[in-house]
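Numbering (the UniProt record's numbering), first residue to last: 1 to 329. C-beta: ideal position from N, C-alpha, C; glycine also. Written below as structure tokens is the structure these notes are about.
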């Protein structure tokens, strides 16, 4: 009886400990206090205001200026200190967390945000300081809102500067494997380049520079579209580049690659030949052309065998005695 009683007491004590631990887990203090705003309602982006701003919230298309300090959430390591970050809201020039946060801010406001990696640099990171899948802490000061840009009244030089910056941003995204966001940057640059209107002082050299940037954006866009398997779109992007520069080697090569993936091998081969006639030293094109010609030969041989089986070729003994007049070629 004594042993049973001790056992019972032990079980009661054990249950007490479990109950106590359970209560501790339930009553655990939340990571964020009441002064934090859960922007998306999922905990992926938390915002805390340190200084109130004034005026109205910015709209999509407004050119804004911020001061931004970025830290790794783990360890509080400073990874970027940008005193004057300028971008157009909604153009995809900055990480998603900044776009979302600034759209809720007033000029003069100072805030702190903590974001999950999916709203930052995602699985790609940003070399050398931000590793893949890194959660971040960012302090933001909203310096000014310059309102929407009027691209139609903008000089060719100013357009070139803006579109080159967007193309460079797209190139950076492409180089770290973020092809979808790169596509967004190139597409926005092309949208700006397609706006009509010329400033009075635009020179022919300035206008020609716009065309050069346009071709580069189309060919870079095609490269990103190829990466995500958008072969029709990549072919179209190259065609638009070739409409401006018919002998652009990158456009010819990338259009050929799009056609290869669509199964249009003969047309792709012709484009490869033209690209090589313009730049015979390009090894990548030689390599792809050799692979393509081998594939065309294999396809032709395969088709021959099919026709031989269908129409009584030499490899089909059962039809070898059929009259020649009844054979179809």
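Per DSSP, cross-strand counterpart(s) of residue i
i, result
"residue 106", "According to DSSP, which records beta bridges pairwise, residue 106 is partnered with nothing at all."
"residue 71", "78, 137"
"residue 112", "48, 139"
"residue 66", "85, 142"
Simplified DSSP assignment, three categories, for residue i
i, result
"residue 311", "helix"
"residue 203", "coil"
"residue 87", "strand"
"residue 39", "coil"
"residue 13", "Unreliable positioning characterises residue 13 in this predicted model, as indicated by a pLDDT of 46, which lies under 50. The coordinate reading is nonetheless provided below. Helix."
"residue 182", "helix"
"residue 144", "strand"
"residue 251", "helix"
"residue 149", "coil"
"residue 130", "strand"
"residue 240", "helix"
"residue 54", "strand"
"residue 99", "helix"
"residue 279", "coil"
"residue 31", "coil"
"residue 21", "Note that residue 21 scores 46 on pLDDT, short of 50, meaning its location in the model is unreliable; the coordinates nonetheless yield the value given after this. Looking at residue 21 - three-state DSSP - the assignment turns out to be helix."
"residue 154", "coil"
"residue 59", "coil"
"residue 231", "helix"
"residue 194", "coil"
"residue 215", "helix"
"residue 167", "helix"
"residue 264", "coil"
"residue 245", "coil"
Spatial neighbours of residue i in its chain, beta-carbon cut-off 6 Å, leaving aside the 5 residues before and after
i, result
"residue 141", "67, 110"
"residue 209", "160"
"residue 222", "234, 237, 238, 254"
"residue 146", "63"
"residue 130", "79, 121"
"residue 123", "132, 133"
"residue 81", "69"
"residue 204", "none"
"residue 286", "none"
"residue 23", "Only weak support exists for where residue 23 lies, its pLDDT of 46 falling under 50; the coordinates are left without a value."
"residue 305", "none"
Nearest-angstrom beta carbon gap, residue j and residue i [assumed within contact, 8 Å]
i, j, result
"residue 268", "residue 260", "5 Å"
"residue 135", "residue 115", "7 Å"
"residue 201", "residue 167", "Their Cβ separation, rounded to whole angstroms, is 24 Å, which puts residue 201 and residue 167 out of contact at 8 Å."
"residue 156", "residue 207", "5 Å"
"residue 102", "residue 148", "That pair is no contact at about 15 Å."
Cβ pair residue i, residue j closer than 8 Å
i, j, result
"residue 40", "residue 47", "no"
"residue 89", "residue 60", "yes"
"residue 214", "residue 244", "yes"
"residue 193", "residue 238", "no"
"residue 227", "residue 179", "yes"
"residue 262", "residue 231", "yes"
"residue 173", "residue 218", "no"
"residue 249", "residue 270", "no"
"residue 242", "residue 251", "yes"
"residue 339", "residue 99", "No answer is possible for residue 339: the residues shown for the chain start at 1 and end at 329."
"residue 69", "residue 138", "yes"
"residue 339", "residue 272", "Within the shown structure, residues of the chain are numbered from 1 to 329, placing residue 339 beyond reach of any answer."
Spatial neighbours of residue i in its chain, beta-carbon cut-off 7 Å, leaving aside the 5 residues before and after
i, result
"residue 96", "119"
"residue 55", "106, 107"
"residue 181", "92, 173"
"residue 196", "152"
"residue 224", "174, 179, 182, 183, 186"
"residue 188", "91, 92, 166"
"residue 35", "48"
"residue 73", "114, 135, 136, 137"
"residue 32", "46"
"residue 77", "71"
"residue 211", "244"
Own chain, CB closer than 8 Å to residue i, minus 5 neighbours either side, in chain order
i, result
"residue 144", "64, 65, 107"
"residue 94", "85, 87"
"residue 29", "Confidence in residue 29 is poor, its pLDDT being 44 and thus under 50, which makes the residue's placement too unreliable to answer from."
"residue 43", "116"
"residue 299", "265"
"residue 284", "253"
"residue 25", "Unreliable positioning characterises residue 25 in this predicted model, as indicated by a pLDDT of 45, which lies under 50. The coordinate reading is nonetheless provided below. Cβ neighbours of residue 25 beyond the five flanking positions: none."
"residue 240", "218"
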